[in-house]
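Each remark here refers to the structure printed beneath this line.
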Amino acid sequence: MTEIRTPRLLLRRWHEDDLAPMADINADPRVMRWIDDGAVRDLDHTAEAIERWEEEWDEEGFGLFAVELLASGELAGFTGLSVPEFLPEVLPAVAIGWRLGSQFWGQGYASEAAHATLEFALQDRGLDRVISINRVGDDASENVIRKLGMVPERETAHPVYGYPLRVRAIDLTEFQA
1 MTEIRTPRLL LRRWHEDDLA PMADINADPR VMRWIDDGAV RDLDHTAEAI
51 ERWEEEWDEE GFGLFAVELL ASGELAGFTG LSVPEFLPEV LPAVAIGWRL
101 GSQFWGQGYA SEAAHATLEF ALQDRGLDRV ISINRVGDDA SENVIRKLGM
151 VPERETAHPV YGYPLRVRAI DLTEFQA
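Heads up: the sequence shown begins at 1 in UniProt numbering, then just goes up one per residue.
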């Protein structure tokens with residue numbers, strides 16, 4: 001089982017009891033504002049998503065980690081790696097991403113989890129390059145991406161929803177653990 005410990009977080013595979021708290025995160029309009037069409041997601045959709053995330057772990061050797069607070073054991077959300085199939089123009093690529101409950105925002109958890117995930121990708125999984133894709137205007141994600149040292153690569157539009165996306169990248173030679 002793949003686990004990463006940071007000073008405040010445990011990044012791990014998904015457990016059955018993660019479904020309800022992740023569904024609560026996905027049901028928050030503030031969290032979902034920058035994701036796809038901004039629609040909230042229900043328990044069934046969240047269960048299907050977690051199942052897909054776990055399948056990606058089995059198929060690719062990486063995926064989305066459940067992010068647990070070490071101090072309380074609470075599920076804060078996810079961070080991890082995925083193949084961004086929705087945006088064929090960047091393939092082949094592996095993208096880093098995150099989604100945390102709004103009560104966990106502004107405390108550095110996303111940056112801490114993302115940095116550990118990037119280190120995992122480049123050093124443990126042997127990837128030589130990782131990208132980020134974010135919606136233009138999502139300043140909180142932009143801030144995390146900057147802290148990771150990712151550099152602008154291109155701007156494009158979401159192929160379904162049409163809003164502007166920013167793609168950044170970092171490779172192994174640029175990464176500083």
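Virtual Cβ for every residue (Gly too), placed ideally from N, Cα, C. Source: prediction; values computed, not measured.
Helix, strand or coil: which one does DSSP assign to residue i?
i, result
"W98", "strand"
"T156", "strand"
"A93", "coil"
"I145", "helix"
"L81", "strand"
"I50", "helix"
"L9", "strand"
"A76", "strand"
"V40", "coil"
"W3", "Correcting the residue type first, residue 3 is Glu in the shown sequence and not Trp. Reduced to three states, the DSSP call for E3 is coil."
"L172", "coil"
"R33", "coil"
If you drop the 5 nearest sequence neighbours on each side, which residues of the same chain put their C-beta closer than 6 Å to that of residue i?
i, result
"R30", "S102"
"R99", "G77, F78"
"S3", "According to the sequence shown, residue 3 is Glu rather than Ser. Here the set comprises R12."
"E110", "Before going further, note that residue 110 is Ala rather than Glu in the sequence given. Once the five neighbours on either side are set aside, the close Cβ partners of A110 are W98, L100, V144."
Taking the DSSP output, what are the residues bridged to residue i?
i, result
"N134", "R166"
"A66", "R12, F78"
"V151", "A169"
"R125", "None; R125 has no bridge partner."
Could you tell me the distance, in whole angstroms, from the CA atom of residue i to the CA atom of residue j?
i, j, result
"E74", "E68", "5 Å"
"S72", "R8", "10 Å"
"G162", "E85", "16 Å"
"M150", "A169", "5 Å"
"N134", "F120", "21 Å"
"F65", "A20", "16 Å"
"residue 229", "H45", "In the structure as shown, the chain begins at 1 and stops at 177. Residue 229 is therefore absent and cannot be evaluated."
Whose C-beta lies closer than 7 Å to the C-beta of residue i among residues of the same chain, with five residues either side of it excluded?
i, result
"G38", "M32"
Pick out whichever of the options has its Cα sitting closest to the Cα of residue i.
i, options, result
"E89", "G97, G63, E56, H158", "H158"
"D58", "A27, W14, D18, I96", "W14"
"E112", "R125, G80, I131, G126", "G80"
"L87", "S132, A47, W105", "S132"
Can you list, in chain order, the residues of its chain with a C-beta nearer than 8 Å to that of residue i? Leave out the 5 residues immediately preceding and following it.
i, result
"R129", "A93, V94, A169, I170, D171, L172"
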